[in-house]
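If you count the sequence shown from 1, position 322 lands on 322 in the UniProt record's numbering, and the numbers rise without skipping.
Virtual Cβ for every residue (Gly too), placed ideally from N, Cα, C.
Here's the structure, in structure tokens; my notes come after.
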Amino acid sequence: MPLALGEDPILSPPSNVAFRSNGFGGLWGLLPRALGGGESFREALDQLPVPVILARPDMVISWMNRATRRSLERIAHLLPVAPEDVVGQSIDVFHRHPAHQRALMAKPGALPHHAVIALGDEFLDLQIEALGERAAPKAYVLTWSIVTERVKAERLVSQRNHMLDQLPVNVMLADPKTMLITYANRTSLDTLAKLQHLMSFSVSDLVGRSIDIFHKNPSHQHAILSDPKRLPFHSKIRLGPETLDLRVTAIFGERGEYEAMLLCWSVSTHLVKLADDFESHIKGFADMIGSASTQLHSTAESMSGAAEEASSQAAGVSAAAEELSASVQELGCRLKASQTLLEQARAAAQTSTSEVIQLRDAAQQIDSVIDVIGEIAGQTNLLALNATIEAARAGEHGRGFAVVAGEVKDLSAQTAKATGSITGEIRNIQTSTDATVGTIDTIVTLVEEITGVFSAMQDSIAIQSEATREVARNITGVSEASSITSSAACDTMGAASELSRTAEALRGQVDNFLATVRKL
1 MPLALGEDPI LSPPSNVAFR SNGFGGLWGL LPRALGGGES FREALDQLPV PVILARPDMV
61 ISWMNRATRR SLERIAHLLP VAPEDVVGQS IDVFHRHPAH QRALMAKPGA LPHHAVIALG
121 DEFLDLQIEA LGERAAPKAY VLTWSIVTER VKAERLVSQR NHMLDQLPVN VMLADPKTML
181 ITYANRTSLD TLAKLQHLMS FSVSDLVGRS IDIFHKNPSH QHAILSDPKR LPFHSKIRLG
241 PETLDLRVTA IFGERGEYEA MLLCWSVSTH LVKLADDFES HIKGFADMIG SASTQLHSTA
301 ESMSGAAEEA SSQAAGVSAA AEELSASVQE LGCRLKASQT LLEQARAAAQ TSTSEVIQLR
361 DAAQQIDSVI DVIGEIAGQT NLLALNATIE AARAGEHGRG FAVVAGEVKD LSAQTAKATG
421 SITGEIRNIQ TSTDATVGTI DTIVTLVEEI TGVFSAMQDS IAIQSEATRE VARNITGVSE
481 ASSITSSAAC DTMGAASELS RTAEALRGQV DNFLATVRKL
């Protein structure tokens, strides 16, 4: 049970006790005089919102106020005794290692002593002060509070601070009013250490310096960074040959006040070089593709026009070849007909030759007959002459016979004359027939030669006809090839157009990529 106010000399300190003027001891020395002691003093202690415990010099708890009782009830499940039984117990009930705490408090100058101790899953903030002389304190005053949430919050803050310090990202904090750097994580310091030769100050002195050290035009940067409405802010700054990529974000307090600037930065020199190299090579390649696609499209159009022209000309040549083939076939037919006629003429000439030869032979036979008739006429004439002579010898009796003999003589003379004429005609017939046979032989020879020429012409015409058909087939192939070429040219133009669109899209993607890289 708590001691009554008048039962504990601690609650009625004598006027000759020396109190420490610092900490709770000084307040303890003023309260009795301010409140007049007694009931008012006890009520004042009991009404304090801070848990207060009084302990005798032997560390035994002699009194506690209401705030202590309320706090003990919150952690009753962690105490070895019930909250109402704490008075009369040693303050060791709050310590896991009491001997350590007593040894610490026994050291000269150890008080006042402050500690945060763990009690189960709770944390207690303890402040112990001595009343009276340091060497022989009259009592101890223990003020304490449950600070579990605060410790957890502090640990969380500590973890976050540690995490922030270990982040592989360069992070700094700065005051938006003074523009002074208030924090730089380890990564920032390590990164800047590599750039120490480019700075006029030591990296170890970074915190406390103005962010103006990174800007050539601080006033412009101040105007932006001091206004949270203009944040987040992204900028690239030059530090010698290096390029730093800087991003600034505003940090606001619980009431929405602009408390700090968060600066995340990186050395982006390699990205800048990468973007420049990418632009000079890949973008140039994209431009080359675009130019090549345009040229390809133009070439495809020319090829398509040439293919159409070739197809048109092939159609004309094909028509001409068909006409030529028809003409050659017609000529072949006519030559064949002419050859047939020549064969007929040769046959007729040969027949004529045979007939003329027969006529010549008949004329020779007639000539032989005429010769016989001539001989007969000569003999008849000789006989008639002899008869005339004999008739003259006979006189009157032979006169009639002489007349007959004279007539016979005349007839034989006429016969001889006629046979002579016939013989001449026969000779003419023979001469003509010989000439006719020679002429006919010449004609037959010429006909045979013409027939040979016609045969050669027919062979040539057949070859020419086949060549014409081959030309027609080739022209058909050319026409088909022209159609295929025209179709391929159309496909090529389509591919060139698609390639041009792709090149344009590639240029857009390259521009977007470069813009994105340069924003990183």
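Asked, Found
"DSSP three-state assignment for residue 121, whether helix, strand or coil", "coil"
"Nearest neighbour of residue 324, chosen from 246, 461 and 457 [CA to CA]", "461"
"Own chain residues within Cβ distance below 7 Å of residue 373, not counting five before or after", "415 and 419"
"Distance between residue 380 and residue 398 (C-alpha atoms, nearest Å)", "18 Å"
"Between the CA atoms of residue 169 and residue 192 - distance to the nearest angstrom", "12 Å"
"Opposing strand residues paired with residue 64 [DSSP bridges]", "53"
"Alpha carbon of residue 102 to alpha carbon of residue 188, nearest angstrom", "45 Å"
"CB of residue 246 within 8 Å of CB of residue 263, strictly", "yes"
"Residue interval of the beta strand (DSSP E) (run including residue 137)", "137-146"
"Inter-residue spacing [alpha-carbon to alpha-carbon] between residue 361 and residue 402", "41 Å"
"Endpoints, alpha helix (DSSP H) assigned at residue 85", "Residue 85 -> no alpha helix (DSSP H), and no H or E assigned at all."
"Segment contact, 8 Å Cβ cut-off, at least three pairs: the region 73-88 with the region 118-134", "yes"
"Beta-carbon spacing of residue 52, residue 90 below 8 Å", "no"
"Sub-8 Å separation of residue 230 and residue 237 beta-carbons", "no"
"Residue range of the unbroken alpha helix (DSSP H) whose run includes residue 186", "186-194"
"For residue 200, the three-state DSSP class (helix, strand or coil)", "coil"
"Sub-8 Å separation of residue 180 and residue 174 beta-carbons", "yes"
"Extent of the continuous alpha helix (DSSP H) run through residue 224", "218-225"
"Cβ separation of residue 294 and residue 500, assumed to be a contact under 8 Å, to the nearest whole Å", "6 Å"
"7 Å CB neighbourhood of residue 125 in its chain, flanking five on each side removed", "116, 144, 145 and 147"
"Cβ neighbour criterion (16 or more within 10 Å) applied to residue 161", "exposed"
"Buried versus exposed, by CB contacts within 10 Å (16 or more), residue 163", "exposed"
"CA-to-CA distance, residue 200 to residue 206, given in whole angstroms", "11 Å"
"Assigned exposure category for residue 42 - 16 Cβ within 10 Å defines buried", "buried"
"Buried/exposed call for residue 217, threshold 16 Cβ in 10 Å", "exposed"
"Distance, residue 437 Cα to residue 431 Cα", "10 Å"
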